[in-house]
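Residue numbers (our numbering), protein chains in the order written: chain E, 1 to 127; chain U, 1001 to 1473; chain B, 2001 to 2414.
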């Protein structure tokens, strides 16, 4: 059973989002990191890039697979997790904490309603 | 393990016997230092012989790699390709013998697969895919079809298909498979519109099943104005049985290093000829080999050609091997090859029926898939573990984790050149492994035990790349 | 018909195990309409007959010899050991080394090839090979496009016209185009060494211009030449390595190579071998960085190469090991000495002149009359246009052969 924090929102493509002081923090779920295995590279967008909800914003790579990242919200990238450039394993070790991937600002809070709750995500992945 | 050639090096040692060169000027700054091994001839001989012993080829044993068609590579092929007139021919010469052989090879391929012409230029299967897609593009552009930029690719396709689409300037759109295997016609219909350039299909598909709706699929795609592309990776099941051109495929690539017994060379050189129906012939890469009276010549005069795809005429040395094979087999031998390839695959499948899970239980063509999903669930043993354990029994493992639509997939293709005894021994090994999975799963999970190296740490290989001896060795 | 070990008894027993009555039943899924097509036939021949047939077509009088040809494929000396070791069937009958535990032979040899080709170009990383020089150059430009996000390239000096056309075929579909001027839109500046006419010239001006505009500098260089001159300070060096121990093969198989600075590792196409550790203290080699490759990237791929020229890379590795730095440099100097001699000898014939500058193997001879006629009559070289003949020599050409050609040309009357 993977860890699915109740307070977060999720996408079907296994991203999570957390709202903190008007900023959305985005990463991939514990389930996703376990399925991918050892993550060796995270390709992130440039700060300032504009994202659309469910649009493609980067990729995570394990030794043998590449998986696209989809944005849970529209908005502008306000920060990327530079630490992942040298320590991509943080996504495996702490997917909801130090392994966050990007921060988004200027999003429409309405869009949160279209995302999955922890319960719904749990069902989605069949746990 | 054999050490590296660099570790044999001793200052002042040399192997070559060249004459001393006179002093010359290059008009550019002279090389300050160049570090290459300093070894004697016996070092080179022992080292590379040592390395060859750490390899597993078809001559070493059974090689049931799905979708790779690892059939025996006849020795006569090598002898003919190594003839000095052929290896020594310069591309600016007009050697009649070679041109005739290339021309005859093209004619034989046209007959077996039903096409008007083949180009022999592409140097590998993926290169053939790219070339074939460019032909489709040129055909549509010539008819004003500028919007036709979509290529439909089934989810069971080789991963190279969508990559080739991207490089040829197309957008690939995935078409779903039915749960019993085969293209989902309803899904296909939904994607057919004015923007479709074509459909890429492998037949038999990567599950080893013949696409039984192929005639209907072809009709639908053609009605929508699209063309059909045949990925010939699995052509070893069709020779003399059913021709891709008759199935409705307008373009087709073959892998001479699979179907036509040219060796794989540890990853190349290959050869990926592309066949086309008459209406696509004007777009073929320049030059094509033509014949007038009894003269063979390289014809560059193709105003609608997509251009050149190789510096010269492709991997001629590989084409020569396929030529020898085609001649010795004749059309009847090719048909027999396909029949026995399919017989061999079904025989293994039948023998393993009770011990393994077959997601597609019907009669297969030249290959089939096994799913280790239940082994993983019940015993924690994966497809990869089974593959590695097979090495302990002296076999090259099957293809694993492909196609992507089958979980914990093992894909087995025995080819026609294996005898019943060889298949029986392989089945015995797999049956034993099925027992081991239940009684001693750890033994399987930690395999291989007899290989010269253990399972490599692939994460370390990516995170701390060591790709060059002189920088990290 | 050959290579089938099945006896009739075997086939019957196998069908019985499967539960079918005939081989035809195996193809029940193939529509009858397809199975009933009459496929044209051609008869099988025995090995004996095939050899006789090939012997006969080889002996036809039209197979006349033509010499002093180069321009992309060269008749170099190949030490006996090279084909003999590369001809070991454990190497040539193996598949791509996806299973490292039983493929250390191929993997180690490719790692050695990568290391040695990098030693020659002075760059950090290499891949396991590409189809040929032209497609290697196309891949190099593709890398520059990925790195810079720009879609134009320029070619600084004469490039083989076939290469130019291959670049166009491979890059146009992605709207990557050749331009004449270096601008801030240029992704790559290509410098050819030696150029199509064998001329050796300095690249520094183009290197500086590329740097100034933020473009990558790509050298398309012959690796044999790089054994004797300082390699360009390029971002990528790629091209044809047929000169490293491979026969001409009527143009293929040959050996495309690609080397680059290490910061471009993620943009490098093709297979790459790396060294790592196993779970019992060994240091095996594996195919690595596989997520760059087409079968994983799928529609996001920027290259689709799978099969490359691994066996040719092995041959080049054996050749470089056998030759060492001294051997390669000797071959390069012998080629240069023969080029100098041929230029001097042929260029001083009445009515003929050799193009100025330092040339390596290929050089241009200006002719007093139709170059094509001279080429046909002498059975030498390749006509570039009406008055220019492209000739080529290697370490295999003796002064006597060059003198003989000079004798033929001296008697030329138009």
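From the three backbone atoms N, C-alpha and C, an ideal C-beta is built for every residue, glycine too. Small disclaimer: the values here were computed from a predicted structure and weren't measured.
For residue i, count neighbouring C-beta atoms within 10 Å of its own C-beta (all shown protein chains included) and say buried if the count is 16 or more, exposed if not.
i, result
"residue 1462 of chain U", "buried"
"residue 1036 of chain U", "buried"
"residue 1069 of chain U", "buried"
"residue 2046 of chain B", "exposed"
"residue 1356 of chain U", "buried"
"residue 1433 of chain U", "buried"
"residue 1006 of chain U", "buried"
"residue 1190 of chain U", "exposed"
"residue 1020 of chain U", "exposed"
"residue 1 of chain E", "exposed"
"residue 1338 of chain U", "buried"
"residue 1055 of chain U", "buried"
"residue 1344 of chain U", "buried"
"residue 2212 of chain B", "exposed"
"residue 2092 of chain B", "buried"
"residue 986 of chain U", "Nothing in the structure corresponds to residue 986 of chain U, since chain U is present only between 1001 and 1473."
"residue 1079 of chain U", "exposed"
"residue 2056 of chain B", "exposed"
"residue 14 of chain E", "buried"
"residue 21 of chain E", "exposed"
"residue 1253 of chain U", "buried"
"residue 2077 of chain B", "exposed"
Report yes if the CB atom of residue i is closer than 8 angstroms to the CB atom of residue j, and no otherwise.
i, j, result
"residue 56 of chain E", "residue 1459 of chain U", "no"
"residue 2222 of chain B", "residue 2201 of chain B", "no"
"residue 1059 of chain U", "residue 2101 of chain B", "no"
"residue 2416 of chain B", "residue 2289 of chain B", "There is simply no residue 2416 of chain B to check, as chain B begins at 2001 and stops at 2414 in what is shown."
"residue 2195 of chain B", "residue 2158 of chain B", "yes"
"residue 1400 of chain U", "residue 1441 of chain U", "no"
"residue 2218 of chain B", "residue 2140 of chain B", "yes"
"residue 28 of chain E", "residue 102 of chain E", "no"
"residue 2081 of chain B", "residue 2262 of chain B", "no"
"residue 2274 of chain B", "residue 2133 of chain B", "no"
"residue 1397 of chain U", "residue 1387 of chain U", "yes"
"residue 2296 of chain B", "residue 1266 of chain U", "no"
"residue 45 of chain E", "residue 115 of chain E", "no"
"residue 1444 of chain U", "residue 1452 of chain U", "no"
In terms of DSSP beta bridges, what is residue i paired with?
i, result
"residue 2153 of chain B", "B/2178, B/2188"
"residue 2257 of chain B", "B/2239"
"residue 2221 of chain B", "B/2193"
"residue 1346 of chain U", "According to DSSP, which records beta bridges pairwise, residue 1346 of chain U is partnered with nothing at all."
"residue 1154 of chain U", "U/1175"
"residue 105 of chain E", "E/76"
Beta-carbon of residue i versus every beta-carbon of chain E: anything under 8 angstroms?
i, result
"residue 1150 of chain U", "no"
"residue 2290 of chain B", "yes"
"residue 2297 of chain B", "yes"
"residue 1474 of chain U", "Only positions 1001 to 1473 of chain U appear in this structure, which leaves residue 1474 of chain U out of reach."
"residue 1463 of chain U", "yes"
Check whether the Cβ of residue i lies closer than 8 angstroms to any Cβ atom in chain B.
i, result
"residue 1077 of chain U", "no"
"residue 64 of chain E", "yes"
"residue 1299 of chain U", "no"
"residue 1160 of chain U", "yes"
Does the beta carbon of residue i sit closer than 8 angstroms to a beta carbon anywhere in chain U?
i, result
"residue 2220 of chain B", "no"
"residue 2308 of chain B", "yes"
"residue 2004 of chain B", "yes"
"residue 56 of chain E", "no"
"residue 94 of chain E", "no"
"residue 2400 of chain B", "no"
"residue 2212 of chain B", "no"
- Note down, one range per segment and in chain order, each beta strand (DSSP E) of at least 3 residues found wholly within the segment 2254–2311 of chain B. 2256–2260, 2272–2275, 2285–2288
- Query: Where are the alpha helix (DSSP H) runs, 4 residues long or more, that stay fully inside the segment 1007–1061 of chain U, in chain order?
  - Reply: 1041–1053
- Every unbroken alpha helix (DSSP H) within the segment 1241–1266 of chain U, with a cutoff of 4 residues, ordered by chain: 1244–1247
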